[in-house]
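Okay, so here's the structure we're looking at.
Shown next, in the form of structure tokens:
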């Protein structure tokens with residue numbers, strides 16, 4: 220793809236395609252949901268959106284992903300256009316789940332967020348004091364921590380939303 224004119228110049232073989240190479244799983248993570256603190260509702264939503272459709276296919280056979288029209292204007296960022304293009308060309312497969320994340324939802328293109336490209340939206344709110352206590356306790360399990368440590372007081376000293 221030529222960056223100057225956004226024109227396809229040449230095709231690379233799939234073994235050299237950096238997008239394919241970037242999706243390889245090199246190291247499988249060993250974290251589990253129980254290692255994540257303070258996000259019980261969001262973990263449940265992730266289970267419902269990602270894990271259950273794969274492990275309990277019989278419950279999800281009747282629900283299908285809807286194809287939607289791709290809409291974009293000239294002000295859309297190149298990455299958004301590329302993502303939209305890739306998702307429009309994506310073949311529906313019940314064994315594939317697309318997970319996207321952003322810390323700037325305010326700049327996402329409406330064509331990406333409103334057109335049904337994603338089946339589910341899981342929002343992770345800023346953590347409150349109770350959640351921060353839980354997060355600190357989880358991390359402290361792997362550390363040599365004095366029994367005198369007051370996690371409630373530590374959480375109280377942190378800023379709202381800190382994790």
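Residue numbers (the numbering used here): 220 to 382. Backbone N, C-alpha and C fix where the C-beta goes; we use that ideal spot for every residue, glycine too. Just so it is clear, the structure is predicted and the values come from calculations on it, not from any experiment.
For residue i, which residues from the same chain have a beta carbon less than 6 angstroms from its beta carbon, with the 5 sequence-adjacent residues on both sides left out?
i	result
residue 286	Interpretation of residue 286 is limited by its pLDDT of 42, a score under 50 that renders its predicted location unreliable; no figure is taken from the coordinates.
Which term fits residue i, buried or exposed, when burial requires 16 or more other beta carbons within 10 angstroms of its beta carbon?
i	result
residue 355	buried
residue 336	buried
residue 365	exposed
residue 331	buried
residue 328	buried
Who are the near neighbours of residue i in its chain, counting only those whose CB is closer than 8 angstroms to its CB and skipping five residues on each side?
i	result
residue 268	316, 338, 339 and 341
residue 359	368 and 370
Taking just the CA atoms, how far does residue j sit from residue i?
i	j	result
residue 258	residue 271	18 angstroms
residue 255	residue 325	26 angstroms
residue 273	residue 311	14 angstroms
residue 357	residue 263	18 angstroms
residue 320	residue 343	10 angstroms
residue 260	residue 301	31 angstroms
Excluding the 5 residues flanking residue i on each side, which residues of the same chain have their C-beta closer than 7 angstroms to its C-beta?
i	result
residue 352	370, 371 and 374
Since residue i and residue j should fall inside the 8 angstroms C-beta cutoff, what is the C-beta to C-beta distance between them, to a whole number of angstroms?
i	j	result
residue 361	residue 313	Residue 361 to residue 313, Cβ: 37 angstroms. No contact.
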